[in-house]
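Read through the structure below, which is laid out as structure tokens, and then see the notes.
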């Protein structure tokens, strides 16, 4: 009889445990995380943020990596320059479901060269912050600028380019960068002047920061469970 009661108790305990796992699936991942003081959990995941940047002139439909303004064209030399910046969250983990993770303290910084000025009609600012950045989410920013009068009033024949770089940060740490180029010229001869901003990179270097290698990091598990 005692053996029977013991077996019955074990069966009941197993059934209750299975029911708990069914109704609270996050408990399945408890062994993948370290308990912290106060009842929280710290889990190891691979964070990977991808940033991409394009540019186009006002009225154009296609986004490009580089555009050129012809200062000989009175209509073109006053056009707005629009930058598009996309940041993707490609966080992943081999051991657990990353859908329950959110990243706060995200930041995008656009390093605008001195040759440009932020337009009053710009949809976003040069620095933007956001929270609740979930796996698979994407944030898009649009920055509108104009070429400064000091550049449009340059005399002589020239062809000048500048690189506008955007960077993404998580919790104050640099995660990646990408850039787009804007050139402006006067005259038919293209005597190229590589006058780049201090924060820029040579045009021959091409695009940078497209998909960084995922880095192991300690991320606090979100309490916003479904």
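Residue numbers (mature numbering (1 follows the signal peptide of the UniProt record, and there is no 0)): -30 to -1, 1 to 196. Don't be surprised by glycine CBs; every beta carbon is placed ideally from N, CA and C.
(request) Determine the direct distance from the alpha carbon of residue 69 to that of residue 39, and round the result to whole angstroms. (result) 44 Å
(request) Look at residue 53 and residue 134 and say whether their C-beta atoms are less than 8 Å apart. (result) yes
(message) Considering just the uninterrupted stretch of the alpha helix (DSSP H) at residue 18, what are its terminal residues?
(response) Run containing residue 18: none; DSSP gives neither H nor E here.
(request) Note down the Cα distance separating residue 132 from residue 156, rounded to an integer number of angstroms. (result) 15 Å
(request) Tell me whether residue 121 sits in a helix, a strand or coil according to DSSP, three-state version. (result) Looking at residue 121 - three-state DSSP - the assignment turns out to be helix.
(message) Just verifying my parser: in three-state terms, what is the DSSP assignment at residue 171?
(response) With a pLDDT of only 40 at residue 171, under the threshold of 50, the placement of this residue in the model should not be trusted, and no figure is reported.
(request) Please name the residue in 56, 116, 141 whose C-alpha comes closest to that of residue 152. (result) 116
(request) Using the Cα positions of residue 59 and residue 145, report the straight-line distance between them to the nearest angstrom. (result) 11 Å
(message) For residue 28 and residue 79, I'd like the C-alpha separation in whole angstroms.
(response) 22 Å
(message) Measuring only the C-alpha atoms, how far is residue -3 from residue 143?
(response) Low per-residue confidence applies at residue -3: pLDDT is 24, beneath 50, and the placement is therefore not dependable enough to give any value.
(request) Taking residue 118 and residue 85 to be in contact with their CB atoms under 8 Å, please state how far apart those CB atoms are, rounded to whole angstroms. (result) 6 Å
(message) Does residue 48 come out as helix, strand or coil in the three-state DSSP assignment?
(response) coil
(request) Would you decide whether residue 43 is buried or exposed? Buried here means 16 or more other CB atoms lie within 10 Å of its CB. (result) exposed
(message) Given a cut-off of 8 Å on the beta-carbon distance, is the pair residue 138 and residue 21 in contact?
(response) yes
(request) Could you tell me the distance, in whole angstroms, from the CA atom of residue 41 to the CA atom of residue 16? (result) 47 Å
(request) Taking only the alpha-carbon atoms, compute the straight-line gap between residue 82 and residue 62 and give it to the nearest angstrom. (result) 32 Å
(request) Please classify residue 148: is it buried, with 16 or more other beta-carbons within 10 angstroms of its beta-carbon, or exposed? (result) Buried, because 16 or more other Cβ atoms sit within 10 Å of the Cβ of residue 148.
(request) Tell me whether residue 203 is buried or exposed, calling it buried when 16 or more other Cβ atoms sit within 10 Å of its Cβ. (result) In the structure as shown, the chain starts at -30 and stops at 196, and residue 203 therefore has no counterpart that could be examined.
(request) Evaluate residue 93 with the Cβ neighbour count: other Cβ atoms within 10 Å of its Cβ, from every protein chain shown; 16 or more gives buried, anything less gives exposed. (result) exposed
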